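Novice: If you scroll down you'll find the structure; I have some questions about it.
Protein chains in written order, with this note's numbering: chain A, -4 to 349; chain B, -4 to 349; chain C, -4 to 349; chain D, -4 to 349.
So this is what it looks like as structure tokens:
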């Protein structure tokens, strides 16, 4: 059986695992006060530049937790967060944002992205509405980069969105659960420095990029909410052995490992894409990142699923379904050649049967 | 420097770490659907007996998170949770229970424990109060075993509390963050089977007993809340790589490791206790478990802290402070002899200076 | 100045005010335990029929409060409420539903209504999605009758929606803030009995139908949430002098006053409609109820607003705006003739100026 | 039957009712934008002095709602509110503060009051605790004046508490549900100006002082939370016909009516007190305000309850119970003489029976 179901299938990247093994016996202070966590913060702050200091960074365990903690500590009582209808916070977090008492205000999207003009129009309309004091105020903009559909914002798109946010005094939050796969993408003109500069807060995903767990939140404008650690604890999100996160991120930001994982994974994803495109398959979106959304005939999807794991995404018509193939740090050439071979076998068997 | 500050100073017990290393490369389904998690649940259900099934068990990341998830998914809208004034949920969780919208109703305690008669009196009084519909209904009883002060409930105490809870139809929740240190205690007559039988839900702590992170919640009466996984996700508490928890608990419940860690740690704690009692020091509570609360003169505490790490607990009078020395899986004979030696050295220096 | 800005411009209908004056000096038990409240419940239960008992009814103060209390006490932890994008709970309650921790799941609407097929498709799609345990479960359907756009569900539409809800075991909640204006409408084939039979809970609006404040919630299937009064108090929604609501609803349901207010107001609304339709104006929706959404040229709207109060709703094109004229129990023939006269004067002045 | 069960037994004071009758037919803008509300705010701001402006005042419907709205909009995420164990927010609000996500931190009390030294000690201890970042920060002090036990803070007590709050930068919130009965008390040296000056926010209770419903919140330091109206709406606490509150408070603050109601009610309460004290009964607290807590033998309490309504408060020993007699604007000389007569009759019958 081959596995492309998600980008969190295997454990830690070997270098991250090694770091955990080496640090394991050390007696370290809890709750992130250890030297590994400090070192990780220092390295990340250096990678981000733009005046980010180690103390502007915090580690959390997973993506939904991070979105919930960041959004709920940054919104004011009368505000909600704007997100695309396909945003992770809008759909796949079981209502975690609402659990914190705040509304997700959804805007229409294209390929998983909010167009800046739609954002501008929404904000102008909101404040022009004489009844807006009876409505949830827009208090933050949430976007994902890469998006949930594998697409990327261009530097000019991101700059425009950031400009709209600043005009309205609303922070821009970038969900970087898969940030490595944006930063390593040759087609993208957006750097980590750009992300840092243009956003007010973002996170660098670890769970989907070589860690066992862990996300690094970066408050880019010296704007970490006051007593953030207490708020994290209040949300059940503070690890006693905080070094578990610090050690991993320290490894990920040593010798460019985070970026190397990005590049390797994108290479593998490009080869997955090629397996399908070279055989004439269509795609749901044109993704330059580590998730490929291929449209398969339903009978082929069913046959292929016997030997290859992938995730069913959505029906595209009566006989076709978009399915997702994801690459991770652990995806290798054997997976790719295996996929090509199983795909051809499945197609061949369908031809025989029909 | 010697370290006794807490019981979560080092990483994973070597056998747990080995299990993580072995499983690391495997591609596993996410969110706890992997075989390690299944195996861990099976082993825990067997250890608990009393009809507990694998599907009655769930893994979470840390203690405050576990308390918050369990309490908030089991309470009804009009209910709160009863806890001793010294309970972890009452004091040291930054308001995590209140964050979920529920009140912690505190009862006076003795040595960290709620006496059953006090519980009975509170409940009788509540329902006798003609205004009780304007008050938060008691909807659960929370106790810790061992308590936050290192003490243990006897089987007869636990049986009585459980009986009161059943009389009022209120679930009993036992916080077992340090459960291994209760179960391995020679002075205790309470077994894991008793805990299972007498409680409605409890958790088996991993973070403080050899895991990097992780707590195993056991719903003992086939009473896991409906759609529990969705509620866990809603609270930002669902790990993508759920196997991180499953692998660790699978190791902890293989060949009795969990109990072995308990025994070793209690041996070390008894030796810590002896270091102090043999020198005539008093204790805040008579703890038979892994936390020892010693009363030190303030000048001795200050001197000792230069070479030995411990936690300041509370002032006991103008010149004395209760401090905590905790043992963990990693505490060894060298730590004990070092402690004795540093203690004598510190006392000697104080004598010289005075 | 003439006033059509809303349907809550004046105080209580004279008969309701008289009832308040008569009861004012009586010493009555608090929190709704008084005889007026009992009488009001009995009269409403009789009007509803279908097995509704007095104890199935509760009084609250306002519409947003009622929506929030009903939805948050009926949803389970893992559920949210489905509502049209234009629903009051979706837009104009400042996030009150989210404040209670629950998501409003919006469905596209036509004229303020959810079409049953769209609801059916959404529900089928939700449960077919293999990832739905990571999403907010649909746990209730919220519709307004009349809608926020003045439109009405037909009996067949309501029957179909109710059938879909029952198929999925999801309660149907009907917001009846303006219910009188649906029930008194000659074009409508939906009776109070139908509302009672087809919904699981609904409310009979008082604030917009002759009361100073107050809404009557009817749980139609003996399904009032347990300890509802405690939950109401927890939400800050329990009036100490509960008789304020009971006395008013007792008057509204004496001698058919509630329905009479409905008929009078609809007569006035029809005359408002005629003022505009007879002069060739277009309408945003074809409303048979007490709110009329007329499309005015922007210059006319501005001129008219000098002598007539109405509410600006939304821009329909560069030069036109939909504005709302609402009738209430206090609207009379002088208001109508005055409106016609002011409209003609304003149009005349614009002709002169151009 | 005579009635002393509470201070919210009858409707509005006649002068308040008259004001409602007079304003009833007027078409007024909603949500508190009407001229009566403006006038009421102006009059209250003048009565408070100390730089309070009309825009620093807001009207809400009831006491629990007011406490919940004020506390939840003023606390920061990491904070809770300090209150005496007997405070209304601690006991009799069904968990309304916790519903908003915040903890009530209880301090021991004497006669319903927090002693300033206890407050000072708690605050000093909290910030000295090296683990305080894992705990709920004290973010506000809540006291009631008069307290729930009818007692009053002296000016020196209030000044001291206010000083402690300022030292720690924590707002002082005074629950004035029965403020009139403190201000009109001859024994008290605390004026409305003192309340305004020494608190950061307080409310002037209407429900228990002659209104049908309504409480006036005064933010004394130009510190009304931003977008307060939106937060009020979010909590389901915004009345559409806001004039209902404005008209009543305008009447209450015209010609000193609020203070006159206070004086009349205190006169009646003093006579109630005298009925019991002249007959040698003991009291639970020495209350100079409108609630009298008398200790009755259980058999006398039972006999008396056949003809006189009062509220059972708490058992004081095996055979005695403290019961509450409350006076209101509607209590008159006939009530007092009736009470004396019924008390003597009940005592006489008990003597006969024994």
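For glycine and all other residues, C-beta sits at the position ideal for the given N, C-alpha and C. Computed from a predicted structure; not experimentally measured.
Taking only three categories from DSSP, how would you classify residue 170 of chain A?
Specialist: In the structure shown, residue 170 of chain A sits in a strand (DSSP, three-state: E or B).
Novice: Closer than 9 Å, Cβ to any Cβ of chain D: which residues of the stretch 59 to 83 of chain C, in chain order?
Specialist: Flagged, chain order: 59, 60, 61, 62, 63, 64.
Novice: Checking 7 Å against the spacing of the C-beta atoms, do residue 75 of chain C and residue 108 of chain C come in under that value?
Specialist: No.
Novice: List the residues of chain B that residue 94 of chain A touches, going by C-beta distances under 7 Å, in chain order.
Specialist: Here the neighbours are 229, 230.
Novice: Judging by CA-CA distance, which residue of A/261, A/31, A/0 is the nearest neighbour of residue 242 of chain A?
Specialist: Checked all of A/261, A/31, A/0; the closest Cα to residue 242 of chain A is A/31.
Novice: Are the CB atoms of residue 231 of chain C and residue 200 of chain C nearer to each other than 7 Å?
Specialist: No. Outside cutoff.
Novice: Could you have a look at residue 347 of chain B and say whether DSSP puts it in helix, strand or coil?
Specialist: Note: residue 347 of chain B maps to helix in three-state DSSP.
Novice: To the nearest angstrom, report how far apart residue 130 of chain C and residue 234 of chain D are at their CA atoms.
Specialist: Cα to Cα, the separation comes out at about 34 Å.
Novice: Tell me whether residue 70 of chain D sits in a helix, a strand or coil according to DSSP, three-state version.
Specialist: Correct three-state label for residue 70 of chain D: coil.
Novice: Indicate the three-state DSSP secondary structure (helix, strand or coil) for residue 141 of chain B in the structure shown.
Specialist: Here residue 141 of chain B sits in coil by DSSP.
Novice: Name, please, each residue of chain B whose Cβ falls closer than 7 Å to the Cβ of residue 130 of chain D.
Specialist: 86, 87, 89, listed in chain order.
Novice: If the cut is a Cβ gap below 9 Å, which residues of chain C does residue 222 of chain B touch?
Specialist: 71, 72, 73, 74, 128, 132, listed in chain order.
Novice: So what's residue 109 of chain D in DSSP terms, helix, strand or just coil?
Specialist: Residue state, collapsed to three classes: coil.
Novice: What is the DSSP secondary structure of residue 221 of chain C, reduced to helix, strand or coil?
Specialist: Three-state DSSP puts residue 221 of chain C in coil, outside helix and strand.
Novice: Would you report the Cα separation of residue 112 of chain B and residue 66 of chain D, rounded to the nearest angstrom?
Specialist: If you take the alpha carbons of residue 112 of chain B and residue 66 of chain D, they lie about 35 Å apart.
Novice: From the DSSP output, which residues share a beta bridge with residue 315 of chain B?
Specialist: Paired residues: B/292, B/312.
Novice: If distances are taken between C-alpha atoms only, which option among D/128, D/317, D/146 comes closest to residue 278 of chain D?
Specialist: Nearest option by C-alpha distance: D/317.
Novice: Is it right to say residue 218 of chain B is buried, meaning 16 or more other beta carbons lie within 10 angstroms of its own, or is it exposed?
Specialist: The residue in question, residue 218 of chain B, is exposed, as its Cβ has fewer than 16 Cβ neighbours within 10 Å.
Novice: What is the C-beta distance between residue 136 of chain C and residue 165 of chain C, in whole angstroms, given that I count them as a contact (C-beta under 8 Å)?
Specialist: Confirmed, Cβ separation roughly 6 Å.
Novice: Among the candidates A/252, A/273, A/288, A/339, whose CA atom is the shortest distance from the CA of residue 206 of chain A?
Specialist: For the residues A/252, A/273, A/288, A/339, the minimum Cα distance to residue 206 of chain A belongs to A/252.
Novice: So what does residue 278 of chain C bridge to, in DSSP terms?
Specialist: Answer is C/289.
Novice: Helix, strand or coil: which one does DSSP assign to residue -2 of chain C?
Specialist: Residue -2 of chain C: strand per DSSP, three-state reduction.
Novice: Could you spell out where the beta strand (DSSP E) holding residue 31 of chain D opens and where it closes?
Specialist: Careful: residue 31 of chain D lies outside any beta strand (DSSP E), inside the alpha helix (DSSP H) at 30 to 43.
Novice: Give the range of the alpha helix (DSSP H) segment to which residue 270 of chain D is assigned.
Specialist: First-last of the alpha helix (DSSP H) with residue 270 of chain D: 252 to 272.
Novice: Chain A partners of residue 397 of chain C, CB-CB under 7 Å?
Specialist: Residue coverage of chain C in this structure runs from -4 to 349, which leaves residue 397 of chain C outside it and unanswerable.
Novice: Short of 7 Å Cβ to Cβ, which residues in the stretch 109 to 120 of chain D face chain B?
Specialist: Listed in sequence order: no entries.
Novice: Compute the distance between the beta-carbons of residue 62 of chain C and residue 84 of chain C, then report whether it is under 7 Å.
Specialist: Yes.
Novice: Which term fits residue 353 of chain D, buried or exposed, when burial requires 16 or more other beta carbons within 10 angstroms of its beta carbon?
Specialist: Examination of residue 353 of chain D is not possible in this model, given that chain D is present from -4 through 349 alone.
Novice: Could you tell me which residues DSSP puts in a beta bridge with residue 240 of chain C?
Specialist: Answer is none; residue 240 of chain C lacks a bridge partner.
Novice: Helix, strand or coil: which one does DSSP assign to residue 213 of chain A?
Specialist: Three-state DSSP puts residue 213 of chain A in a strand.
Novice: Any idea what DSSP makes of residue 227 of chain C, helix, strand or coil?
Specialist: Three-state DSSP puts residue 227 of chain C in a helix.
Novice: With respect to the alpha helix (DSSP H) encompassing residue 94 of chain C, which residues constitute its N-terminal and C-terminal limits?
Specialist: Residues 91 to 94.
Novice: When the Cα atoms are used, what is the spatial distance from residue 167 of chain B to residue 27 of chain B?
Specialist: Each residue's Cα considered, the two are about 26 Å apart.
Novice: Kindly indicate which residue of B/319, B/127, B/331, B/77 has the alpha-carbon position closest to the one of residue 270 of chain B.
Specialist: Out of B/319, B/127, B/331, B/77, B/331 has the C-alpha closest to the C-alpha of residue 270 of chain B.
Novice: Would you identify the three-state DSSP class for residue 27 of chain A, choosing helix, strand or coil?
Specialist: If DSSP states are grouped into helix, strand and coil, residue 27 of chain A belongs with coil.
Novice: Helix or strand or just coil, what does DSSP make of residue 75 of chain B?
Specialist: Three-state result, residue 75 of chain B: strand.
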